[in-house]
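Per the numbering used here, the very first residue in the sequence shown carries number 498; after that it's consecutive.
All C-beta atoms, glycine included, are put in the ideal place defined by N, C-alpha and C.
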Amino acid sequence: MIGALAAMEPVVLQETALDVGEFKLVPALTVIAMLALFLGVGYFFRVAAVDELWVAGRSIGPIENGMAIGANWMSAASYLGVAALIATLGYFGLAYVVGWTTGYFILLIFMAAQFRRFGKYTAPDFVGDRFYSDWARGIAAFTTLAIAFVYAIGQASGMGLMAQYIFGMSYEAGVILLMAVTIGYVALSGMLGTTKNMAIQYIILIIAFTLGLYATGWTQGWSTALPYLEAGSEVADAASLEAQFVEPFANASYYAWIALAFSLIVGTCGLPHVLVRFYTVDNERTARWSTVWGLFFICILYWGTATYAAFGGLLYADGPGDGTFTDMAGVEADALVVLTTQLAELPTWLVGLVAAGAVAAALATTAGLFISASSAAAHDIYTNLYKEDATQREQMIVGRSTILGIGILVTIVGLNPPALIGELVAMSFAIAGTVFFPVFFLGLWWEHTTREGALAGMLSGIVISFGAILNDTAIPMYTGVEDAVIPSLAAWLPGTSSALIGVPVVFAIIIVVSVLTDDPPEDVKRLVRQCHSPEPMSQMESAEDVATDGGTDVEADDDTTTEDN
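In structure tokens, the structure reads:
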């Protein structure tokens, strides 16, 4: 009886807002058809080799990879959470939009082509080979698993919320159902099938998101052709109800805004499931163009998030909010995009399509996270650290077992998530930015970065980022404490924004320790130089191949001269 009541609790919380608790035939058929399509594509492109499981045989083109980057990126946090954060936090919520897009410019200029030229399978692969250390590889693999776990919890939460609306089931049952589907098709398809699915998922989610926004604007008389530009009066109306909607730093400090935006920027550059997209293409030029296309596809959705926040806020204030919208419950806020279309009294099938888009967004991101986690476990831990002569079959078994294991853990925690969807994702960005970004950046651009420096930096980053999350989120959530364990620390080092302090500290530690320790071996330095070579690479070629062969005559002469010096 207690379990049944607990299962129904999320439905009760949303009765006054999102229309849950009732099975909706057309939306349900839409989602079922969509899930069947994803499983079919996964089966058709199922993998039989590890290079297809991890990097899709480096066969993905720039536009398709750009769509995959977009779908990978357009998680439940972006599709549902950003509009909710802007509506409830106002101007402060724009830090999420700024942070989650600006990071791609750094990737484009400083990292995309260089990562492809290095030419490995995974982010921990890069760390282990660049810093010639199994310990570094192991720490990177652990961090990859932790990022995938934290990030995927937010996606599970989004799936549960949408399943409530579409299938009329409890939140818990929705999480379990849709996570089971995700685990099945990712384990079956690997990176090749997942990438094909991501392109389809992006098309579904962007059509659903945009159609819902345009239909809301049309039916309410707020916009016709470009709601992004025509919503000025609605934003002003929302601001008249809640000043923080347009007032910078009304409820949060300037430091908090900068810390959050910075953490999201550097976190973008440190996410393993994003960086692995550059390993799936044939050469560095395609890697750069994939980033450009990915940013374009991402911006199409982000342009609409603030407009959704204004539309949804006004509709909520006129209805269940009784004149306000920033104090809506967390479960209502996380479903704001779908709730907006429902409050606009759009047809049920259209509201269901918007909800299906959220499911596609969550599935796409979760798939990318599970692939990065499985590759970290099977390729970086099992094969490189435990059994170097592991067969492809053994790696596939370990990889798929990891997908199953982490999927079960995410499902369990997702039944009672410790924070809002956007906040959970921001925490994973803080981890990625603090632990990975400094070692990736210095590893690609400073050949004198040493093994000892990287180890010291990553361990320091883990202490800073995980310590911040434990202090203000995890411990209070699961111990019943209302405030952070150390409130003064949480003010300067919040779990969602620890990178503003963490990244400079980790950079400094890596540089100082590298200066004080012996230089890397010469073959490692050659790898770094090859990452910046103007010579084009073939589809399956890596910097290690070129450096081992000596590269072109000019490159060989340059290397000889360097060694002589």
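Contact between residue 564 and residue 853 fails: their C-beta atoms lie close to 18 angstroms from each other, not under 8 angstroms. Three or more Cβ pairs drawn from the segment 954-964 and the segment 625-639 lie within less than 8 angstroms of each other, which places the two stretches in contact. For residue 625, the number of other beta carbons within 10 angstroms of its own is at least 16, and it is reported as buried.
Taking the Cβ atoms as the reference, residue 930 lies roughly 6 angstroms from residue 1000, within the contact range of under 8 angstroms. Sorting 799, 655, 646 by C-alpha distance to the C-alpha of residue 670 places 655 at the top. Within the segment 623-698, no beta strand (DSSP E) run of at least 3 residues lies entirely inside it. Here the segment 738-748 does not lie against the segment 564-577, with fewer than 3 beta-carbon pairs under 8 angstroms apart. Here the segment 603-619 lies against the segment 780-799, with 3 or more beta-carbon pairs under 8 angstroms apart.
Between residue 864 and residue 679, the gap from beta carbon to beta carbon is short of 8 angstroms.
DSSP, reduced to helix, strand and coil, places residue 844 outside both helices and strands of the structure shown, so it counts as coil. Per DSSP, the continuous alpha helix (DSSP H) segment holding residue 1022 begins and ends at 1019-1027. Residue 898 carries a helical assignment under DSSP once its states are collapsed to helix, strand and coil. Residue 879 is positioned such that its CB atom lies closer than 8 angstroms to that of residue 892. When rounded, the separation of the alpha-carbon atoms in residue 899 and residue 641 is 12 angstroms. Rounded to whole angstroms, the gap between the alpha carbons of residue 695 and residue 908 is 21 angstroms. In the three-state reduction of the DSSP assignment, residue 572 falls in the coil class, being assigned neither a helical nor a strand state. Residue 606 has its alpha-carbon roughly 30 angstroms from the corresponding atom of residue 965. The C-beta of residue 730 has fewer than 16 other C-beta atoms within 10 Å across all chains shown, which makes the residue exposed.
Between residue 760 and residue 994, the C-beta spacing is below 8 angstroms. For residue 718, there is no enclosing alpha helix (DSSP H), as DSSP gives it neither H nor E.
If you draw a 10 Å sphere on the C-beta of residue 1012, you find fewer than 16 other C-beta atoms in it, and that means exposed.
In the three-state reduction of the DSSP assignment, residue 943 falls in the coil class. Here residue 750 is exposed: its Cβ has fewer than 16 other Cβ atoms, across all protein chains shown, within 10 Å. Around the C-beta of residue 978, fewer than 16 other C-beta atoms lie within 10 Å, and the residue is accordingly described as exposed.
Rounded to the nearest angstrom, the Cβ distance from residue 974 to residue 935 is 29 angstroms, too far for a contact under 8 angstroms. Taking 8 angstroms as the cut-off, the Cβ atoms of residue 588 and residue 756 do not count as close. For the pair residue 797 and residue 703, the CB atoms are nearer than the 8 angstroms cut-off.
Counting along the chain, residue 787 sits inside the alpha helix (DSSP H) bounded by residues 781-815.
In this structure, the beta-carbon distance from residue 668 to residue 657 falls below 8 angstroms.
For residue 969, the number of other beta carbons within 10 angstroms of its own is at least 16, and it is reported as buried.
As the crow flies, the alpha-carbon of residue 835 is around 45 angstroms from that of residue 1028. Excluding residues up to 5 positions away in sequence, 811 lie with their Cβ nearer than 7 angstroms to the Cβ of residue 734 in the same chain. Excluding the 5 residues flanking it on each side, residue 924 has same chain C-beta neighbours closer than 6 angstroms at 647, 966, 992, 993, in chain order. Taking C-beta atoms under 8 angstroms as the contact rule, residue 710 and residue 805 qualify, at a distance of about 6 angstroms. In this structure, the alpha-carbon of residue 743 lies about 24 angstroms from that of residue 921.
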